[in-house]
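Peer 1:
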Amino acid sequence: MAVTLKADKREDLTKSTTKQIRANGDVPSVVYGKGKDSRTITVNSLDLLKTVRDEGRHAIISLAIEDEQPTNVMLHDYQMDPIKGELWHADFYIVNMAEEMDVNVPLHLEGEAKGVKEGGVLQQPVFELQVRAKPANIPEAISVEVSQLNIGDSIAIADLPKEAGYEFLDNEETTIATVVPPDSAEPDEAPDENAEPEMIGTTDNEGK
């Protein structure tokens, strides 16, 4: 069931108005979708943060724009103010509940591997998996139990249980967790302490 989020129309796009919107605790936002014209709106910052915290990153949101019928959307992207740590802008994507879509879902490893207790090192090569599902079936995260892994064991996407609601799109042979011997986790070569530092960002025209 979609959670409702109220929104107001935003027609004045001047910098002064946008600044005032943020000062009032709202977030300038855009709503768009396949075959739909993009629209500018505002939503309350605290309400949006609470929705994402309570319902998850891939929650279906019933966006209630003033004087209009609610529209099912997902939070597609957002930007944060790097200094104040506040929401700066949000993008909402209009979803068709009957149509599958491709999204990246966080991958979480659970448990302490047997091999780690014996001195091995648990490695996680990937932290997101791409899945295809209808909006209502998109998982908030993929959890994988690793407690039975011994040193030298690994788990690939092909080892994950098949779910009725979604399918994995990444290569099935992709390793998502492995326990390696402690020596294998060490870097092959120690850095040369006498080596000169590499200069980054310089050009032939510098100083001219």
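To convert, note that position 156 of the sequence shown is 156 in full-length UniProt numbering; the numbers rise steadily by one, no gaps.
Positions of the beta carbon are idealized from the N, C-alpha and C atoms, including for glycine.
Bear in mind the structure is a predicted one, so any value in this text is a computation, not a measurement.
In whole angstroms, give me the CA-to-CA distance for aspartate 37 and valine 30.
Peer 2: 10 Å
Peer 1: By alpha-carbon positions, which one of Asn150, Pro161, Glu99 ends up nearest to glycine 111?
Peer 2: Asn150
Peer 1: Do alanine 2 and isoleucine 61 come within 8 Å of each other at the CB atom, strictly closer than that value?
Peer 2: In terms of Cβ geometry, isoleucine 61 and alanine 2 form a close pair [threshold 8 Å].
Peer 1: Taking asparagine 137 as the reference, which of His58, Ile21, Gly35 has the closest Cα?
Peer 2: His58
Peer 1: Mind checking who lysine 6 pairs with in its DSSP beta bridge?
Peer 2: Ala64
Peer 1: I believe threonine 178 touches glutamine 123 by the beta-carbon criterion, under 8 Å. Please report the beta-carbon distance rounded to the nearest angstrom.
Peer 2: 5 Å
Peer 1: Mapping the DSSP letters down to three states, classify asparagine 137 as helix, strand or coil.
Peer 2: helix
Peer 1: In chain order, what residues of the same chain lie with their CB nearer than 6 Å to the CB of aspartate 12, ignoring the 5 residues before and after it?
Peer 2: none
Peer 1: List, from N- to C-terminal side, the beta strand (DSSP E) runs of 3 residues or more that fit wholly inside the UniProt domain "Large ribosomal subunit protein bL25 L25" (5-92).
Peer 2: 26-33, 36-44, 61-65, 71-80
Peer 1: Quick one, which of Thr18, Ala164, Thr4 has its alpha-carbon nearest glutamate 54's?
Peer 2: It is aspartate, not glutamate, that sits at residue 54 in the sequence shown. Considering only alpha carbons, the answer is Thr4.
Peer 1: Report all residues from its chain with a CB closer than 7 Å to the CB of tryptophan 88; omit the five preceding and five following residues, and keep chain order.
Peer 2: Gln79, Met80, Asp81
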